[in-house]
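*Asks:*
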Amino acid sequence: MRKKLAAGNWKMNGLSASLTEVSALIEAHPAPVCEVLLCPPATLVAGMAAVAAGRIAVGGQDCHAKASGAHTGDISAAMLKDAGASHVIVGHSERRADHGESNADVLAKAEAALTDGMVAVICIGETEAERDAGTTLDVIGGQLAGSTPEAATGANTVIAYEPVWAIGTGRTPTLEQIAEVHDFLRAELVKRFGAEGEAFRLLYGGSVKPSNATEIFAVPNVDGALVGGASLKAADFGAIIEALSQA
Ligand code: PGA
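Residues 11 to 257, numbered by this note's numbering, are exactly what the sequence shown covers, in order.
#1: Under a criterion of Cβ closer than 6 Å to any non-hydrogen atom of the ligand PGA, which residues qualify, in chain order?
#2: How big is the Cα-Cα spacing for alanine 209 and asparagine 222?
#3: DSSP three-state call for alanine 53: helix, strand or coil?
#4: Please report whether the beta-carbon of glutamate 208 lies at a distance below 7 Å from any beta-carbon of chain B.
#5: Just to confirm the assignment, what range does the beta strand (DSSP E) spanning arginine 211 have?
#6: Looking at the unbroken alpha helix (DSSP H) that takes in threonine 146, where does it start and where does it end?
#7: Report yes if the CB atom of alanine 170 is closer than 7 Å to the CB atom of cysteine 133, and no otherwise.
#8: So does the stretch 55–73 actually touch the stretch 84–98, counting three or more Cβ pairs closer than 8 Å?
#9: Hey, would you say alanine 114 sits closer than 7 Å to alanine 123, going by beta carbons?
#10: Determine the DSSP secondary structure at alanine 197, reduced to helix, strand or coil.
#11: Per DSSP, which residues does histidine 97 bridge with? Please list them.
#12: Report the option in Ser26, Lys219 and Ser33 whose CA atom is closest to the CA atom of arginine 181.
#13: Kindly list the residues whose CB is nearer than 8 Å to the CB of lysine 21, restricted to its own chain and excluding five residues on each side of it in sequence; keep chain order.
#14: Hey, out of Lys76, Thr82 and Ala41, whose CA is closest to isoleucine 66's CA?
#15: Quick one: is glutamine 256 buried, meaning 16 or more other Cβ sit within 10 Å of its Cβ, or exposed?
#16: What number of angstroms, rounded off, separates the C-alpha of alanine 162 from the C-alpha of glycine 83?
#17: In terms of alpha-carbon separation, which member of Thr167, Leu195, Ala197 and Ser217 lies closest to aspartate 246?
#18: Quick one: is asparagine 184 buried, meaning 16 or more other Cβ sit within 10 Å of its Cβ, or exposed?
#19: Quick one: grab the DSSP three-state call for serine 28.
#20: Does the separation of the CB atoms of lysine 119 and alanine 75 fall below 7 Å?
#21: Here's a check: name, in chain order, each residue in its chain whose Cβ is nearer than 7 Å to the Cβ of valine 200, leaving out the five neighbours to either side.
#22: Do you know how far the Cα of serine 86 is from the Cα of glycine 151?
#23: DSSP state of glutamate 206, grouped into three classes?
#24: Rounded C-beta distance between leucine 117 and glycine 156? I'm assuming under 8 Å.
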């Protein structure tokens, strides 16, 4: 009942020439069974949306909590939407770490996205120290509760579990560790949102690649992936889309 989602996060990578990867991806996978989303840097949102022409979804990587105003260098959800984005990632661990974003900040950004009719992809995840200390579920439970708007539904919000220590490192949690967290997140969502909690897509993120995608997608309550490095090349992201379509 939950449509699977393959989401790519290009982070601070990509120039206009990189859009050829998007046309190649669409050409190689014209009718994927799963939903496909790519989140390029803001400079490429409009260009990617033009190339995608609705065949894949395009998202931003962050937005400001306000719709407009004196915030030099920031971009609002409404602006991303105007440029052709339907989704926006909020609370990525690189934003939380590099820009000191708190759960309250992420919540405000997610609310802004929902207000503008966009889908918020809310990222949460523990650091290695937190995992070693045995506090993983406390940390992500707190992030989930503190970053998810009251108005969230399965249609307007996606939750991405991304252990900080697995991002860009080539390391991944065991399948049991992923299952434990995703089952916990599902239970927390059902506790808060009732039956609607079953409708939220739960993505796993952190060093997902073609070689480990199939086993990760077989884990219960994993409804797709948020992919960084492996989303930059059509061949790699395409292989992940195929793995998800077959899961
Ligand atoms: P990675 O990044 O796939 O390069 O580990 C994932 C992410 O940060 O979304």
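We treat Cβ as the ideally placed atom computed from N, Cα and C, and that holds for glycine.
*Replies:* Short version:
#1: Asn19, Glu172, Ile177, Gly178, Gly215, Gly216, Ser217, Val218, Leu236, Val237, Gly238, Gly239 and Ala240
#2: Reading the sequence shown from its first residue, position 199 is the one you call residue 209. Reading the sequence shown from its first residue, position 212 is the one you call residue 222. Answer to the nearest angstrom: the Cα atoms are 25 Å apart.
#3: Counting from one through the sequence shown, the residue named residue 53 turns up at place 43. The question names alanine, but residue 53 is threonine in the sequence shown. Helix.
#4: The question asks about chain B, but that chain is absent: this structure has only one protein chain.
#5: As a first step, residue 211 must be located in the sequence shown, where it is residue number 201. Looking at the DSSP string, the run of the beta strand (DSSP E) that includes arginine 211 is 211–215.
#6: Start at 1 with the first residue of the sequence shown, and residue 146 comes out as number 136. Segment 146–157, the alpha helix (DSSP H) holding threonine 146.
#7: Here residue 170 is taken as the residue at index 160 of the sequence shown, counted from 1. Here residue 133 is taken as the residue at index 123 of the sequence shown, counted from 1. Taking 7 Å as the Cβ cut-off, alanine 170 and cysteine 133 qualify as a contacting pair.
#8: yes
#9: The residue you call residue 114 lines up with position 104 of the sequence shown. The residue you call residue 123 lines up with position 113 of the sequence shown. Taking 7 Å as the Cβ cut-off, alanine 114 and alanine 123 do not qualify as a contacting pair.
#10: In the sequence shown, the residue the question calls residue 197 occupies position 187. Residue state, collapsed to three classes: helix.
#11: The residue you call residue 97 lines up with position 87 of the sequence shown. Paired residues: Gly69 and Val129.
#12: By one-based count along the sequence shown, residue 181 stands at place 171. The option with the nearest alpha carbon to arginine 181 is Lys219.
#13: In the sequence shown, residue 21 corresponds to position 11, counting from 1. Hits under 8 Å: Pro51, Gln71, Glu104 and Gly238.
#14: By 1-based counting over the sequence shown, the position of residue 66 is 56. Of Lys76, Thr82 and Ala41, the residue nearest in Cα terms is Ala41.
#15: On the sequence shown, position 246 is the one that residue 256 refers to. Exposed, by the Cβ-count rule.
#16: For the purposes of this step, residue 162 is identified with residue 152 of the sequence shown, where counting begins at 1. For the purposes of this step, residue 83 is identified with residue 73 of the sequence shown, where counting begins at 1. Straight-line Cα distance between these residues: approximately 28 Å.
#17: For the purposes of this step, residue 246 is identified with residue 236 of the sequence shown, where counting begins at 1. Closest option to aspartate 246, Cα to Cα, is Ser217.
#18: As a position in the sequence shown, residue 184 is number 174, starting the count at 1. As written in the sequence, residue 184 is threonine, which differs from the asparagine given in the question. Looking at its Cβ environment, which holds fewer than 16 other Cβ atoms inside 10 Å, threonine 184 is exposed.
#19: By 1-based counting over the sequence shown, the position of residue 28 is 18. Correct three-state label for serine 28: helix.
#20: As a working note, residue 119 is residue 109 in the sequence shown. As a working note, residue 75 is residue 65 in the sequence shown. Yes, the pair counts as a contact, with Cβ atoms nearer than the cut-off.
#21: Start at 1 with the first residue of the sequence shown, and residue 200 comes out as number 190. These residues qualify, in order along the chain: Gly207 and Glu208.
#22: The count along the sequence shown starts at 1 and reaches residue 151 at position 141. The count along the sequence shown starts at 1 and reaches residue 86 at position 76. Answer to the nearest angstrom: the Cα atoms are 27 Å apart.
#23: Within the sequence shown, numbered from 1, the residue matching residue 206 stands at position 196. It is helical.
#24: If you number the sequence shown from 1, residue 117 lands on position 107. If you number the sequence shown from 1, residue 156 lands on position 146. Sure, about 6 Å apart at Cβ, within 8 Å.
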